[in-house]
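In my numbering, the protein residues as written are 4 to 623. See below for the structure under consideration.
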RNA sequence: GCCAAAAUAGCUCAGGGGUAGAGCAGCUCACUCGUAAUGAGCAGGUCAAGGGUUCAAUUCCCUUUUUUGGCUCCA
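Below, the structure written as structure tokens:
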């Protein structure tokens, strides 16, 4: 199986980190901000900008050809926030080259040359690009019935469908910036030559460019890797194995808060918890099909007693073993079995990214085994449950993506149709906006993915609900129906948060490290104004801890101002300042992380206030 | 995996062919301190690992490891 398909297999049956491409998503989000600001329809704004960007790409190509007359030009489209152009160059580029290219681009823009479109014959185009082998290849690929057009500005001509701006006068020399140099395969295929890609961002005017660059800074400030270090939440250790996450005490507190909530919600919604091993004999993975389809995504086997054992990349075969442990009746179904199962997958070295793409992660996995009669209700319920969970974590903007049957697939087409329809009906019933990815399902079943938007508009895929027509067959799963006949149950994989590691990363970025009190690793910091009040601070700390809060008193020899600063930098939501007045009157002076001040509060009133916040899961 | 850049104290970074420096954090001491950094002192590094060039390498070259940004947006 092609690697791409294997990835599809994986990502479908469990919520995978595959869809996390934060930077790109961020750019999309920025476009939305832009359109909102200008009150334009998204398409209009997009079209105008994309003309500017595409034209900017041509200007850049002209500049690069000035510097490297022998350069081979390839393609240069407009993209979400700018443009790129891929070149085959006589030498590697360095960052200083970008400066020269920028200077030349500005000069070209200053010339104010018009963009001229010409429709030409194929022969003429071939003549034009006689020494541009990639262009000739592109030319070949243009269908016979399509016309071939050239765009020129100044001395530069490109094979191009357009459209472009009228003239380089419409481009602003102070509204673009070359961002980076990257390698990119010709036509994105690993077997093709590696080209040099130059990325740039371009906007209508300097102000928009500045806005965009500010947005990038904001993204950087929220980076979970940076905040993870600053707040001492987690670490990764190259020497101990890349892509494997260490949760520090403060990170573990957050994880506990997440997991405790997760478990209680699951029990409240009719799930049972199961625990399964981390390893399975090759028999298990041969039966499930993973060794056939997904071997390259798995850690290599370890041999023991003449058998190969594999660390699990998924939990499903284990849950199936539990199912098959007894003869199952229609009366037993549905089963809803959940597990926070830690799985290990071999991610390519270059693919790893902080917590977002790792080699060991914990899925908030569950498998539903249902009769055909129960399917509709179960799907509706699992979707409702999913939305409920996401909303509890502060994600209110949620979009659904429905992936349907691909050409190559297993399972009865009638079952595919029923399952897909069940998914679609559930989306509609929940009033979600959705897109259909026709043929985008895995070979073994249709699925719904849910993507949330974070605080700065970036989309992240979290939940996934996925039918599986493959494994029940392979494991010959059955239940005895009313009529005494053994039948095949429907099997549904689902994860609500995706992976705990990645979800944690998303939470960190969403809240920029300032978690709502119910998730804050440290909810309250008690800060005495001076050493005289250390005893009282300790007493208050004990009292608050008994109330169930995550609290500590700062009894270091820093001065109060420094203690406040430290607590503030740790983004602790409540700072309780105590001194003479408070100790005398059983009061607290509260400084919120937001800077807001609540002085002279009775201690009990403060406790009630924080409890209310924690229980309601509200942000400060 | 491929292209490129990077790796110096716990963290953030400076430096540079003659075996390293700052700020913060840490440790010690002093300080009766009310809403974002009290002061002084001490300690801290095989300059990622291995190899090469050189009288001399942390600095230049090569390899390896890891990290970062890309590798989907179609003339």
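No residue lacks a Cβ here, since even glycine has one placed at the ideal position from N, Cα and C. Everything numeric in this text was worked out from a predicted model, so none of it was measured.
Report task. Give me whichever residues DSSP pairs with residue 270 in a beta bridge. Result -> Here residue 270 is not bridged, per DSSP, to any residue.
Requested in this report: Enumerate, from N- to C-terminal direction, the unbroken beta strand (DSSP E) stretches of 3 or more residues contained entirely within the region 591-618.
Outcome: Runs of the beta strand (DSSP E) inside the region 591-618: 600-605.
Report task. Measure the Cβ-Cβ separation of residue 408 and residue 442 and say whether it is below 9 Å. Result -> Less than 9 Å separates the beta-carbon of residue 408 from that of residue 442.
Query raised in the report: If we ignore side chains and look at the alpha-carbon of each, how far apart do residue 93 and residue 146 end up?
Result: Rounded to whole angstroms, residue 93 to residue 146 spans 31 Å at the Cα level.
Requested in this report: Alpha carbon to alpha carbon, how far is residue 581 from residue 603? Give it in angstroms, no decimals.
Outcome: Their backbone Cα atoms lie some 10 Å apart in a straight line.
**Report entry** Alpha-carbon spacing of residue 204 relative to residue 179, whole angstroms
**Finding:** Counting only the Cα atoms, residue 179 lies some 5 Å from residue 204.
Query - Alpha-carbon to alpha-carbon, residue 84 and residue 46 - result: With a pLDDT of only 47 at residue 46, under the threshold of 50, the placement of this residue in the model should not be trusted, and no figure is reported.
Query raised in the report: Going by alpha carbons, who is nearest to residue 61 out of 97, 128, 171, 139?
Result: Put simply, of 97, 128, 171, 139 the residue whose alpha carbon is nearest the alpha carbon of residue 61 is 171.
Query raised in the report: Quick one: what's residue 250 bridged to in DSSP?
Result: In the DSSP output, where bridge partners are listed per residue, residue 250 has 237.
**Report entry** Closest Cα partner of residue 341 within the set 245, 73, 597, 497
**Finding:** Just measuring C-alpha positions, the residue of 245, 73, 597, 497 sitting nearest residue 341 is 497.
Requested in this report: Run through the region 112-192 for me and flag every whole beta strand (DSSP E) of 3 or more residues, listed as ranges in chain order.
Outcome: Qualifying beta strand (DSSP E) stretches, in chain order: 119-123, 151-156, 159-162, 179-188.
Requested in this report: Take the Cβ of residue 508 as the centre, count every other Cβ of all protein chains shown within 10 Å, and call the residue buried at 16 or more, exposed below.
Outcome: Buried, by the Cβ-count rule.
Query raised in the report: Excluding sequence positions up to five away, which residues of its chain have a Cβ less than 6 Å from the Cβ of residue 177?
Result: Closer than 6 Å at the Cβ level, and outside the excluded window around residue 177, lie 209.
**Report entry** Under the three-state DSSP convention, the category residue 197 falls into
**Finding:** In the displayed model, residue 197 falls within a strand according to three-state DSSP.
Query raised in the report: Which whole-angstrom value is the C-beta distance of residue 401 and residue 435, which I expect to be below 8 Å?
Result: Rounded, the Cβ-Cβ distance is 6 Å, consistent with contact.
Query raised in the report: Since residue 204 sits in a beta bridge, which residues does DSSP pair it with?
Result: BP columns for residue 204 point to 85, 180.
Query - First through last residue of the alpha helix (DSSP H) which encompasses residue 423 - result: Taken as a continuous stretch (DSSP letters only), the alpha helix (DSSP H) holding residue 423 covers 416-432.
Requested in this report: Rounded to whole angstroms, what's the CA-CA distance from residue 222 to residue 523? Just pull it up for me.
Outcome: Between residue 222 and residue 523, the C-alpha separation is close to 21 Å.
Report task. May I have a chain-ordered list of the alpha helix (DSSP H) segments no shorter than 4 residues that lie completely inside the region 51-78? Result -> DSSP runs (the alpha helix (DSSP H)) wholly in the region 51-78: none.
Report task. Could you check the C-alpha separation between residue 336 and residue 265 for me, to the nearest Å? Result -> In this model, residue 336 and residue 265 are separated by some 23 Å (Cα to Cα).
Query raised in the report: What span of residues does the beta strand (DSSP E) with residue 340 cover, start to end?
Result: In this chain, the beta strand (DSSP E) harbouring residue 340 covers 338-347.
Query raised in the report: Going by Cα to Cα distance, which pick from 108, 123, 95 is closest to residue 184?
Result: Among 108, 123, 95, the Cα nearest to that of residue 184 is on 95.
Query raised in the report: Under the three-state reduction of DSSP, which class applies to residue 500: helix, strand or coil?
Result: In the structure shown, residue 500 falls within a strand segment according to DSSP collapsed to helix, strand and coil.
Query raised in the report: Roughly how many angstroms lie between the CA atoms of residue 24 and residue 234, to the nearest whole one?
Result: Confidence in residue 24 is poor, its pLDDT being 33 and thus under 50, which makes the residue's placement unreliable; the coordinate value appears in the next sentence. Residue 24 and residue 234: Cα-Cα distance of roughly 24 Å.
Query - beta strand (DSSP E) segment containing residue 305, residue limits - result: Run containing residue 305: 305-307, per the beta strand (DSSP E) assignment.
Query - Close beta carbons around residue 516, own chain, < 6 Å, minus the five adjacent residues each side - result: Short of 6 Å from the beta carbon of residue 516, and not among the five residues preceding or following it, lie these beta carbons of its own chain, in chain order: 230, 234, 574.
Requested in this report: Work out the CA separation of residue 189 and residue 334 for me, nearest whole Å.
Outcome: Residue 189 has its alpha-carbon roughly 57 Å from the corresponding atom of residue 334.
Query raised in the report: From this set, 599, 590, 583, 564, which residue's C-alpha is nearest residue 576's C-alpha?
Result: Here the closest residue by C-alpha is 599.
Query raised in the report: With 16 as the cutoff for other CB atoms within 10 Å, does residue 415 come out buried or exposed?
Result: In the assembly as shown, residue 415 is an exposed residue. Its beta-carbon has fewer than 16 other beta-carbons within 10 Å.
Query raised in the report: Can you round the beta-carbon distance between residue 64 and residue 76 to whole angstroms, since I take them to be within the 8 Å contact cut?
Result: Cβ-Cβ separation between residue 64 and residue 76: approximately 5 Å, consistent with a contact (criterion under 8 Å).
Query raised in the report: Going by alpha carbons, who is nearest to residue 486 out of 332, 81, 607, 157?
Result: For the residues 332, 81, 607, 157, the minimum Cα distance to residue 486 belongs to 332.
Query - Identity of the residues DSSP links to residue 531 by a beta bridge - result: Partner(s): 581.
Report task. Give the straight-line distance between the Cα atoms of residue 398 and residue 343, rounded to the nearest whole angstrom. Result -> Straight-line Cα distance between these residues: approximately 21 Å.
Requested in this report: Within 10 angstroms of the Cβ of residue 431, are there 16 or more other Cβ atoms? Answer buried if so, exposed if not.
Outcome: Exposed is the call here.
Query raised in the report: Using 8 Å as the threshold, is the region 478-492 in touch with the region 534-544, meaning 3 or more CB pairs across them?
Result: Verdict: no, contact absent.
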